[in-house]
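Encoded as structure tokens, the structure appears first; notes follow it.
Following this line, the structure appears as structure tokens:
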């Protein structure tokens, strides 16, 4: 999140954030296929589920090694020439987001803690990611209650992952192409998730019923919701310390959603179609819609207030761009929503 926001302008971040986050959907497909393959193993000294964790751990370790050589800003980008580094830095001047600074500033931390935008984004992320903790995590188990075998239930992650992958990339592209439609798209992507939960909950769970499987698949729209939350959060803060706090807050909220989601799966209510799960997820997505609507008005009104100041000194604007100021400290900063 910090790398994308440190290399690309506000207009470009939506698409670039979606590129890496689309792996949520892509690896739902790839992971489902590998899990299906691991489930066929009959020999060997390990249990079948242990192979999955060995692979996941190895990939995580390799990515950690890659992080050591990844430059944290265009200034230190070893793969660019000096002229390209200069051009990359100058591109960021207009957006007033600055270049990454490694100095910790307690004033920025205090501002971040008191900034309502950050907590609205955190609420949105925690609410939206309950689906991943519940439906994605327990998906095969839930689908198996529709009459499918455990192995076939794994395969039903393919359409969910495919839809998730497409929606993330599509919303990222639209967010970079059109100005200030990100929150509108976020709200739109919440609606199919609510509909999917309602379909699963209220449809007939007969042997190999189609309706609940369709409902399960369209919950994949949650990927677009989460991707947009990341983009909105990271493109609307400035200052290295504050930006790092925003990224950490988003990740903690992401984990909270993953923790809360499984708590809604009550096995004793299986015959009633897990009502606490689907009602809980619907409430969470209504909360996400309300929080994003509030954030929309907060950002729009602040932009209007700053525009009314009539600041037009371009030399001052250029001077402030790289002073590691926060979005609140820099009057030339404009929010995107």
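In the working numbering, the protein residues as written are 5 to 341.
Think of the CB as a built atom: it goes at the ideal place given N, C-alpha and C, for glycine as much as any other residue.
Model, not experiment: these values are computed from the prediction.
Within-9 angstroms CB hit, residue i to chain D
i	result
residue 289	Any reference to chain D falls outside this structure, which holds one protein chain only.
Three-state class that DSSP yields for residue i in the structure shown
i	result
residue 305	helix
residue 275	helix
residue 331	coil
residue 93	helix
residue 229	helix
residue 161	helix
residue 13	coil
residue 314	coil
residue 242	coil
residue 270	coil
residue 137	helix
residue 109	coil
residue 251	helix
residue 235	helix
Supposed contact pair residue j and residue i - C-beta distance, whole angstroms, cut 8 angstroms
i	j	result
residue 199	residue 150	Incorrect: roughly 18 angstroms between the Cβ atoms, too far for contact.
residue 175	residue 231	6 angstroms
residue 80	residue 288	Not confirmed; about 40 angstroms, so no contact.
residue 204	residue 219	4 angstroms
residue 196	residue 207	At roughly 15 angstroms, the Cβ-Cβ gap does not stay under 8 angstroms, so residue 196 and residue 207 are not in contact.
residue 251	residue 5	5 angstroms
residue 179	residue 19	7 angstroms
residue 43	residue 155	6 angstroms
residue 286	residue 201	5 angstroms
Alpha-carbon to alpha-carbon, residue j and residue i
i	j	result
residue 253	residue 90	31 angstroms
residue 222	residue 9	30 angstroms
residue 40	residue 227	23 angstroms
residue 14	residue 22	13 angstroms
residue 4	residue 26	Nothing can be reported for residue 4, as the shown portion of the chain is limited to 5 through 341.
residue 306	residue 187	16 angstroms
residue 120	residue 324	24 angstroms
residue 290	residue 83	44 angstroms
residue 76	residue 244	11 angstroms
residue 4	residue 37	Because the chain spans 5 through 341 in this model, residue 4 falls outside it and cannot be assessed.
residue 145	residue 234	29 angstroms
residue 115	residue 334	13 angstroms
residue 16	residue 94	15 angstroms
residue 70	residue 128	30 angstroms
Boundaries (first-last residue) of the alpha helix (DSSP H) holding residue i
i	result
residue 359	The displayed coordinates of the chain run from 5 to 341. Any statement about residue 359 would go beyond what the structure contains.
residue 208	That residue, residue 208, is in no alpha helix (DSSP H); it is neither H nor E in DSSP.
residue 218	215-222
residue 184	Counting along the chain, residue 184 falls outside any alpha helix (DSSP H), and DSSP gives it neither H nor E.
residue 38	27-42
residue 5	Premise fails: residue 5 is in no alpha helix (DSSP H) and is neither H nor E.
residue 57	52-73
residue 142	141-148
I'd like to know if the segment 235-249 and the segment 333-340 are in contact, where contact means that at least 3 CB-CB pairs between them fall below 8 angstroms. yes
Closer than 8 angstroms is the cut-off here; do at least three beta carbon pairs connect the segment 27-47 with the segment 266-274? no
Any contact between the segment 123-137 and the segment 289-296? By contact I mean 3 or more CB pairs, one from each, below 8 angstroms. yes
Under 8 angstroms, with one C-beta from each stretch per pair, do the segment 107-117 and the segment 158-176 reach the 3-pair mark? no
Does the segment 129-143 come close enough to the segment 244-262 that 3 or more CB-CB pairs lie under 8 angstroms? yes
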